[in-house]
Structure formats: C-alpha cells, structure tokens
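Chemist:
Residue numbers (the numbering used here), protein chains in the order written: chain A, 1129 to 1642; chain B, 1129 to 1642.
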C-alpha cells in the first residue's frame, strides 16, 4: 500500500465516496489507486472549476464531502472561483492537490508554486502530507475540518513521493462534529426582546434553512414575527408544503424598504445583512436606523434547535404557514420570459427535484413562480462568483441519482464553466439545463448606472454585450454530447420542459429570453 | 476625473494600450472610463483565464504590458493558471483587480476575499490603491514592476471607491528599466573555463533567446561550443536564417543522454536544468555527475550582451550557423500525423508568423519540421499549465495585427480555455487554430507508467481518455463564431492549412491525429 492507497482508504473509511478529478502527472498514483479502490466514484472534469463546483453541489446535497483531485498550483487556481462560493456556502469539500515530490521542490521546476499560500484564502484548513506515513492522519483531519462547523473546503497537499512511497498506516476515522445549541439564556433574551419589539424580523440563513429549520421558523411567522431569509442560501427547501420566508432583496434600497420600521433583527445561522456591492451614497449595512441586531444562533451553532426553542419560548403554535398546492392549470403562452419559464417549471418539476440557480437577472422571475412547484431544493449563488450553475448540477446529480436536477444559468454565467456540459453527457446525469440566452451580461447593464458610472457609451457597451458573435447554444451543447433544443415561445418551452421532466438523462434547453 | 480615469491615463502615458477584460459591478467605473479614453483597446473575454493568457501573449510579442481587468478574488482566481505561466515567462502584465469599496470590506459581503493573499504567489508586485489620489502613482509602480527585470505580472487592486472618487492627480510616467550586462570578470572567467573544458555546453533561456541572443549564441556554436536551449521558452525565434540550438529534452533520461560527458554548463538567462516532474529513482537535476555549472548571465542581467562579450572573448567568428532555406516541394500524404502537420506548416507558414504552442505530445513532431519554415516566433508553455495556447494567440494577434498567428493546441488543452475561440471571432483576429484531436490526455498515458503507477486499469483509463463522448470540434468552434474544418488525411490538412495562410481572419482546423 502506498500513500495514494492510504489516502483513498481513509477517505472511504470516512464515507467520502466521490472524486471530481482533473489530474496531471503528479496525481497519477492517486489515479492508479482508483482501480484498487472501486468504492470511490471518480468523475472526470475537463476544467478544474467544474470539479470544485461539482464538489460543492455534491456536498450541499449529500451533506458530506466529496474530494477533488487537482494538479498543483495552476490546477487549484482554476478551481478557486467555485471554491470561493463553496467557502461562502460552508460546503464540506476535501481538495486533494498534487504537488512535486518533496525533494523536487527545491529545484523550482516550471509547475512549482506556493500551493499552501494560494489555497489559504479559500480553505478552512491547509496542510501538506510530507511523508506517506502522514497521509492517512492528515486526510482524516481534512475531512473533520471540512465539516467545521460551519465547514468549508479543506485542502490537502499531496507531494508525489508521499503518494508513491509505501506505508503501512491504517485508515483513520473521524466523527462528524455536532453543532451545539445556543444556551438557554440566549433563547430567553431573544424571546424577551421579541415580545418587547414593535416590529421584529427574524433573518435565517445557512444551517437554519434546513427543512426542519424552515418549519420552526414558520412557527415564529405564525406568531406574527416576520421571517426573512438571506438573499443567497446554499440549500433552500421550497415548494408545496414548505414555508417560504420573504427573501432579503438584492438591492440595498429594496432591502431597506422591506425593513422599514423594523426595530429588532434576530439572526439565526447568519449575520447582519449587507449590500452585495457598495454604491456611492448608498448604505453598506442593510439595517434600518435604530434597529437592534440580536444573535440567536451563529453560523457554527445549531440554528434549527435554537429556532425550535425560541418558538417554544414565545408559545408559538406547533405549525406555521406553508405553501398551498396551487399549481396552475393554465399553461403559459406568448413570448418567453423568466416568469413564463417559472410557470412551466412550477407545473412540471417533479417531487424532490434540485434546482441549481446561477441565473443572475432571470432567476428572480422564475423564483416568484416556483413557490407553487412540487417540493424541491434550490442551491444558490452563495459567493457571487458566477459560473457555478452547471458544476453544481454535476455534483448534485452525482449525489442524488434518483432526483431530477434542473440547472438555471445565464448565458454569460454558463460560459465560465461550459466544460461541465461534457461531464453531464459522459456521466449520463439526470440534469436539464436551462440557459437564459439574452446575449448580454444583463446584470452589468443594470449595475453600470447604479455605480454612478453613467450610461454606457459604445466602447463600454461592447464590454457588456456578448451577442457579437451570437453563441449558438444548440451547436455548442451538441458538440459536447448533449441533446439540445432552443425555445423562443412560452408554449414551446412548456412542452419541451414537460418532456424533459419525464425522461431521464442530460439535456439542454436554450431559452431565448428578451 | 475620477480614479478610474486616472488609472487609464497613467497606463496610456506608459504606453499600456490594450486591456483584456472580464469585469463585474466593482469594475464599472473602469469600463465607463474606456469611453473617455479611446486610445485603450479593450478586448472582452468570456473567462478570465483567457484574459490573463491573452495578456501574456500580448506582452511576449509587444514587449510591454497589457492590462487585465478582473472581478475581485474569484475573477483573479480564474486567471491564476495562465498568470502562473506568465510569471514563469517573465511577461510584463498589469492586473487591475477590482475590489469592494474600502469601507465596504469590513462587512464581508459575499464576493469579499483576501485578494492580495491570493495574488501574491503569482505576482511580482501587489498593492491596493486605497485612495483615488494614490491610483496614478501605484499604476506607474505596477508598470515598472512588471518590467522587472526579469519582470512578470504586477497586480493592482482597485477598490470601487478609489475608482469613483474624483482626483486631480496627473499621469505618472516611469522608464522601462535597463538590464545590466555582467561584469567583465565574469566573462573572462567563463571564457577561461570554456577553453579548459573538454565538453562544454552553453544553455540559453529567457532573454538570451531574443533573435540577437541567438545570433551571438550561434557564434559560440561556430567555435565548437554546443549551445542548447531551455525546453520551454517564452519566445523563441525559429526558421530559415535563424540559429536552432538543440532543445533540452523534456524527459530526464533523454536530457542526461544528450548531456553525456559534458563537464561544463554555462548558463545564460536561465538556471540549471531540472526535470519537469520527479519520478521514483530518476534524477531531479539534469546535470551529469562531475559537470560544473557557471553563470554567464542571470535572468535579471543582459544575457544578449553577455553572449556577445563571451563570443568575442573566445575569438568566435562574427557569424554562426543558421537554418538554410530547405523547404520541401513534396507535400505530405497519408494519415495525418504531427510530422505531416509540421511539414505543411513549414511549407506554408508566412514570414513573420507567430506560433503559440500548447500542443503537449503533438508539438515535438511539428517542431522537428518547422526549423525549415519561414522565420517566425514560437511562444512556449513556460509554466506547464495547459490551456494557454488559445489565449496566447488572442494576445499575440492583438499585439501584432500584421502577423499571422498559428495556435497549436491539444484537444485536452484547448478545453480549459475554449472560450478564447469566441474572442478570436469577435475581434476578427488573424489566427489559425490547429487542434490536435486525439481524444485523450495523451501525455498522462505516457506519464502513468513513468511515475511507477503501473498500467492504467479501466477506472484509471477513464480518467485519461476524453473521447467519450467525442467532442465535435467543428460544431464547437462554429457555435462560437469560427469557420472550422476537420481533417483526417495529410493531403487534406495540407490544402486547408495552405488556404488558411492566404486569407486573413480566424479559423479552426480540427486535426484528427492517431
């Protein structure tokens, strides 16, 4: 048994059973060991940002880490943007980053770089296994670190000689750490403040957004406490039978309008809401003046338990509001729009589906409609780095092969990690991709004015538009192995999407939205 | 004038006239300023790795920096792999990385991260312009730092408020720093050692590989001193009339065979040769035992001057060998191969062309043939991070619109930054892309055995092959706006390539090699 075997054995012993890989020479021992460890499912990605985003999608659904397999500093670098999102989602991930043999580093060969420094900003844990005998123990440490709480990407650097050297170390098993509920004194203090407040809001995020957390939050809503949810959540259960808290608006002025008169904001599993970007003469912190913030549960605590205890403390009813089953019989017609797409999705999304949302400007219109869909989970853009929708779908589908996955993505977003389409085809994943084709970085056309930059002149506009040349999404997706169709009318999308929900396997719908 | 204007004004005052951009909200002021500063050519890239690789290609050809425009940490992260290559190529680049407004950082909004830490490993200089008044001076510092010597990517972080705040600062101009020649005592010592050595080799790299450096190195060769060149060089003049030094072989055993009996290695513009990767029981340092290394010129010194002085000191003739004009009249036939492709390229490459080489296993066969091509420059894979060929071509073509650019790339390599095809089409760049389609990470099939990993079993093999599904390169390139053709026979490639060399504009040839 060499170090690579020891690594795989420890990962498997800790129930890490999926690997999203884009290896190079320094990772060949790991690749060879895959033949000896058939319990590890390996999924090849043609770009590392697909691998890291897939590991994020996998971790959000499986609630345990996948590993990535990355090639030294540059391979890790290509995965940074989606690891930024994963860090913000607190998704457990174990990055295995191959490195030169320990004794080879001193020669500064072309691929040499400071991997630990590069990995630090987006890792909750970084260590290098400098000896084969250290691999198993460090792999277990990485798994534990990835769980947190609150968890995130842990990065294990694996020098080539640590991988190829023999070792007799046994697999090391770690326990998933438990979250602690906040003390009763905190519950009592918050309950007292809630009773005293004129217009309290409870803002939930992170772990509080589990199905059980939502159910407990709904009890507060039933007691006339407004519940809101973070704008972007790693995993949010939605649809029929679920409680749909009001989403914190993306733009500061809309958020502050929604919070008008609020004098108490209770935070569960999240922190005080802040504007996504700063703008001249607009606030950063989304708190009305005079509003007091109180923490019910931090990101590391058990916010679900805390919400339950709070609901009990204020004598909330056992159940709160939930979405009724109001699916419309009317199929949408006319020009395609995010709203009409949302109606079609709401009508046909199967029970237990997963929506991976990287739709930027088009997603809000869809989300308005999908509260009426069958129960589903939405995986959101936690870190703001676009290009995560398709990779998330790869990982979610690997984690839950029996659930239909729908990826919603802008055309601009999809281009960052378009290589994911190939992996969807190769692995025959049950994913329907909807690309909102508007030939534009639409969000930037909106943001341009907001930043005080004025109207875009012709040279600026050329940086915001991506329609020259127009990307032919049907040819593009077909070239990477996906059945693909393009829709311009709501009726057409309705029938295409309905069919897609009835068959298994990957496909892409190019939705030409205005 | 705001900070963004001040930045553009200083960049332009320092002859930085091209910007490869993938901006977001925090960069909107810079984008708006492009309309007020029409001398800055801006090129939109749909992925940041294209922008950074293009800036590298631009800098290698223009011998001055382009700037990139990147969106906070994740945008920079997507550019890391090609900045790793640029760092190794010592290419001057100024990264402009947008950041949150200075006062907004404390709220840790979703896109917040430690940009300076992320940028440090691949930057020769990193600073943040914390005030609008500081922008001009720091931009000039960045330009100067990017030149070195030996130069590389400099990263200027531009907070949004530094961009939008008014400033009255004037453009700051810096001088391109000169390289100093090594002292006469070094020349004398090396000349003495050369005379005393039984089998000396001069290894050249970096700045020594300029056309004039090659001419001076040829003089040494004429005096029976074997001249070799680094395996990977940022920019290497080749073809008819140029001196072609022997290339340091990629694999250690081949390199040590080539160096058998060598007792002196003189280094000009480079360092001692090292193996690209370590392998069990193979050496890291490519120096025969008993061989002495002597530095003629470091990477920061003027190696061209040093080579000239050395040639004078050993009384070398005024001219050395150069490639004769031996272009074959026989057009290749039969199955397509790297060699037949090389013959076609050698026959038809126009004078002054630029070859961007990311061809991995196929490139060596091509390079054997192209010594007989018209004079051209080859931009090589300096840092080993594949996925640079297409972006390099974007940048080279922007830097030299009157030169034909040929991008040679593996199919695996091309997929990392396939978004570059769209920019080639949008900017109507005069680039012919040749993709070697072998449906495999061919190099890894070779490296697998070399690393002692044994033969690939079925699960490992699935990680090395990329042919399931087969990527349809014709549809893929067409979907991104490029005229495209696929070739399987040498005769067909010959006629297609010959035609491509005669017309202006981008196109792609999918070369199906076995």
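Virtual Cβ for every residue (Gly too), placed ideally from N, Cα, C.
What alpha helix (DSSP H) runs, 4 residues minimum, are completely inside the region 1198-1245 of chain A?
Modeler: 1200-1206 and 1208-1217
Chemist: Report yes if the C-beta distance between residue 1524 of chain A and residue 1562 of chain A is below 8 Å; otherwise report no.
Modeler: Mapped onto the first chain, residue 1524 of chain A falls at position 396. Mapped onto the first chain, residue 1562 of chain A falls at position 434. Contact flag unset, no.
Chemist: Given a cut-off of 8 Å, decide if residue 1628 of chain A and residue 1560 of chain A are closer than it, judged by their beta-carbon atoms.
Modeler: Within the first chain, the letter at position 432 stands for residue 1560 of chain A. Within the first chain, the letter at position 500 stands for residue 1628 of chain A. Yes; because the gap between Cβ atoms is below 8 Å, this pair is in contact.
Chemist: Would you identify the three-state DSSP class for residue 1574 of chain A, choosing helix, strand or coil?
Modeler: For the purposes of this step, residue 1574 of chain A is identified with residue 446 of the first chain, where counting begins at 1. Looking at residue 1574 of chain A - three-state DSSP - the assignment turns out to be helix.
Chemist: The alpha helix (DSSP H) with residue 1607 of chain B in it runs from where to where?
Modeler: In the second chain, the residue the question calls residue 1607 of chain B occupies position 479. Start and end: 1601-1607.
Chemist: State yes or no: is the beta carbon of residue 1292 of chain B nearer than 8 Å to at least one beta carbon in chain A?
Modeler: Residue 1292 of chain B sits at position 164 when you count from the first residue of the second chain. With 8 Å as the cut-off, residue 1292 of chain B counts as an interface residue toward chain A.
Chemist: Select from the region 1510-1533 of chain A all residues with a C-beta closer than 7 Å to any C-beta belonging to chain B, and list them in chain order.
Modeler: 1510, 1511, 1512 and 1513
Chemist: Using only CA atoms, which one of A/1227, A/1220, A/1259 and A/1269 lies nearest to residue 1250 of chain A?
Modeler: Locating residue 1250 of chain A in the first chain gives position 122, where the first residue counts as 1. With distances taken between Cα atoms, residue 1250 of chain A lies closest to A/1220.
Chemist: Since residue 1371 of chain B contacts residue 1449 of chain B with CB under 8 Å, what's their CB separation in whole angstroms?
Modeler: The residue labelled residue 1371 of chain B in the question sits at position 243 within the second chain. The residue labelled residue 1449 of chain B in the question sits at position 321 within the second chain. 6 Å between Cβ atoms; contact.
Chemist: Chain A partners of residue 1360 of chain B, CB-CB under 8 Å?
Modeler: Working through the second chain from its first residue, we reach residue 1360 of chain B at position 232. Residues of chain A passing the Cβ test: 1238.
Chemist: Distance, Cα to Cα, residue 1576 of chain B vs residue 1355 of chain B?
Modeler: Residue mapping note: residue 1576 of chain B aligns to position 448 of the second chain, counting from 1. Residue mapping note: residue 1355 of chain B aligns to position 227 of the second chain, counting from 1. For residue 1576 of chain B and residue 1355 of chain B, the distance between alpha carbons rounds to 32 Å.
Chemist: Quick check on residue 1478 of chain B - is its C-beta less than 8 Å from some C-beta in chain A?
Modeler: Here residue 1478 of chain B corresponds to residue number 350 of the second chain, with the count starting at 1. For residue 1478 of chain B, the answer is no, since every Cβ of chain A falls outside 8 Å of its Cβ.
Chemist: Which residues, taken in chain order from the region 1595-1608 of chain B, show a beta carbon closer than 9 Å to some beta carbon of chain A?
Modeler: 1596, 1597, 1598, 1599, 1600, 1601, 1602, 1603, 1604, 1605, 1606, 1607 and 1608
Chemist: Note down, one range per segment and in chain order, each beta strand (DSSP E) of at least 3 residues found wholly within the region 1358-1433 of chain A.
Modeler: The region 1358-1433 of chain A contains these whole beta strand (DSSP E) runs: 1364-1366, 1392-1396 and 1420-1425.
Chemist: What is the residue span of the alpha helix (DSSP H) that residue 1133 of chain B lies within?
Modeler: Reading the second chain from its first residue, position 5 is the one you call residue 1133 of chain B. That run of the alpha helix (DSSP H) goes 1131-1141.
Chemist: Can you name the residues that DSSP bridges to residue 1617 of chain B?
Modeler: As a working note, residue 1617 of chain B is residue 489 in the second chain. DSSP output for residue 1617 of chain B lists B/1463 as bridge partner(s).
Chemist: Would you say residue 1264 of chain B and residue 1134 of chain B are within 8 Å of each other, going by their C-beta atoms?
Modeler: Against the second chain, residue 1264 of chain B aligns to sequence position 136. Against the second chain, residue 1134 of chain B aligns to sequence position 6. Against a cut-off of 8 Å, the Cβ pair of residue 1134 of chain B and residue 1264 of chain B comes out as a contact.
Chemist: Which chain B residues are close to residue 1591 of chain A, counting only those with a beta carbon under 8 Å from its beta carbon?
Modeler: In the first chain, counting from the first residue as 1, residue 1591 of chain A sits at position 463. Per Cβ cutoff of 8 Å: 1149, 1151, 1159, 1162, 1170 and 1172.
Chemist: Three or more C-beta pairs under 8 Å: does that hold for the region 1204-1211 of chain B against the region 1514-1529 of chain B?
Modeler: yes
Chemist: Give the single residue among B/1624, B/1530 and B/1357 whose Cα lies nearest to the Cα of residue 1387 of chain B.
Modeler: Along the second chain, one-based indexing puts residue 1387 of chain B at 259. The shortest Cα separation from residue 1387 of chain B among B/1624, B/1530 and B/1357 belongs to B/1357.
Chemist: Ordered along the chain, which non-local residues of its own chain (more than five positions away) have a Cβ less than 6 Å from that of residue 1466 of chain B?
Modeler: As a first step, residue 1466 of chain B is located in the second chain; it is residue number 338 there, counting from the start. Here the set comprises 1490, 1493 and 1494.
Chemist: Suppose the cutoff is 7 Å on Cβ atoms and the five residues either side in sequence are ignored; what does the same chain contact list for residue 1646 of chain A look like?
Modeler: Because residue 1646 of chain A is not part of the residues shown, which for chain A are 1129 to 1642, the question remains open.
Chemist: Give the single residue among A/1622, A/1591 and A/1598 whose Cα lies nearest to the Cα of residue 1158 of chain B.
Modeler: Counting from one through the second chain, the residue named residue 1158 of chain B turns up at place 30. For residue 1158 of chain B, the nearest C-alpha among the options comes from A/1591.
Chemist: Is the shortest distance between the beta-carbon of residue 1253 of chain A and the beta-carbons of chain B less than 8 Å?
Modeler: One-based indexing of the first chain puts residue 1253 of chain A at position 125. No, because no Cβ of chain B sits closer than 8 Å to the Cβ of residue 1253 of chain A.
Chemist: Would a C-beta distance cut-off of 8 Å place residue 1275 of chain A and residue 1526 of chain A closer than the cut-off?
Modeler: Taking the first chain and counting its residues from 1, the one referred to as residue 1275 of chain A is at position 147. Taking the first chain and counting its residues from 1, the one referred to as residue 1526 of chain A is at position 398. No; because the gap between Cβ atoms is not below 8 Å, this pair is not in contact.
Chemist: Hey, is residue 1246 of chain A's beta-carbon within less than 8 Å of any beta-carbon in chain B?
Modeler: In the first chain, counting from the first residue as 1, residue 1246 of chain A sits at position 118. At a cut-off of 8 Å between beta carbons, residue 1246 of chain A contacts chain B.
Chemist: Anything in the region 1402-1436 of chain A with a Cβ closer than 7 Å to a Cβ of chain B? List those residues in chain order, please.
Modeler: Close to chain B, meaning a Cβ-Cβ distance shorter than 7 Å, are the following residues of the region 1402-1436 of chain A: 1402, 1403, 1404, 1405, 1406, 1408, 1412 and 1413.
Chemist: Relative to the C-alpha of residue 1342 of chain A, which candidate in A/1315, A/1446, A/1256 and A/1303 has its C-alpha closest?
Modeler: Counting from 1 along the first chain, the entry for residue 1342 of chain A is found at position 214. Selected option, being the one with the closest Cα: A/1446.
Chemist: Since residue 1389 of chain B and residue 1327 of chain B should fall inside the 8 Å C-beta cutoff, what is the C-beta to C-beta distance between them, to a whole number of angstroms?
Modeler: Position 261 of the second chain, counted from the start, is the residue given in the question as residue 1389 of chain B. Position 199 of the second chain, counted from the start, is the residue given in the question as residue 1327 of chain B. Contact holds; Cβ gap of about 5 Å.
Chemist: If you compare alpha carbons, which of A/1339, A/1301, A/1594 and A/1474 is closest to residue 1141 of chain A?
Modeler: In the first chain, counting from the first residue as 1, residue 1141 of chain A sits at position 13. Selected option, being the one with the closest Cα: A/1301.
Chemist: Taking residue 1427 of chain B and residue 1597 of chain A to be in contact with their CB atoms under 8 Å, please state how far apart those CB atoms are, rounded to whole angstroms.
Modeler: Along the second chain, read from residue 1 onward, the residue named residue 1427 of chain B stands at position 299. Along the first chain, read from residue 1 onward, the residue named residue 1597 of chain A stands at position 469. Contact doesn't hold; Cβ gap of about 41 Å is too wide.
Chemist: With DSSP collapsed to three states, give me the class of residue 1610 of chain B.
Modeler: Position 482 of the second chain, counted from the start, is the residue given in the question as residue 1610 of chain B. Residue state, collapsed to three classes: coil.
Chemist: Count the other CB atoms, across all protein chains shown, that sit within 10 Å of the CB of residue 1116 of chain A; report buried if there are 16 or more and exposed otherwise.
Modeler: This structure cannot speak to residue 1116 of chain A, because chain A is shown only from 1129 to 1642.
Chemist: Under the DSSP definition of a beta bridge, which residues are partnered with residue 1255 of chain A?
Modeler: Walking along the first chain from the start, residue 1255 of chain A turns up at place 127. A/1284, per the DSSP bridge assignment.
Chemist: What does residue 1328 of chain B pair with, by DSSP beta-bridge criteria?
Modeler: As a working note, residue 1328 of chain B is residue 200 in the second chain. The beta-bridge partner set that DSSP reports for residue 1328 of chain B consists of B/1392.
Chemist: I'd like to know if residue 1135 of chain A contacts chain B, where contact means its C-beta is closer than 8 Å to some C-beta of that chain.
Modeler: The residue labelled residue 1135 of chain A in the question sits at position 7 within the first chain. No, residue 1135 of chain A does not count as interfacial toward chain B.
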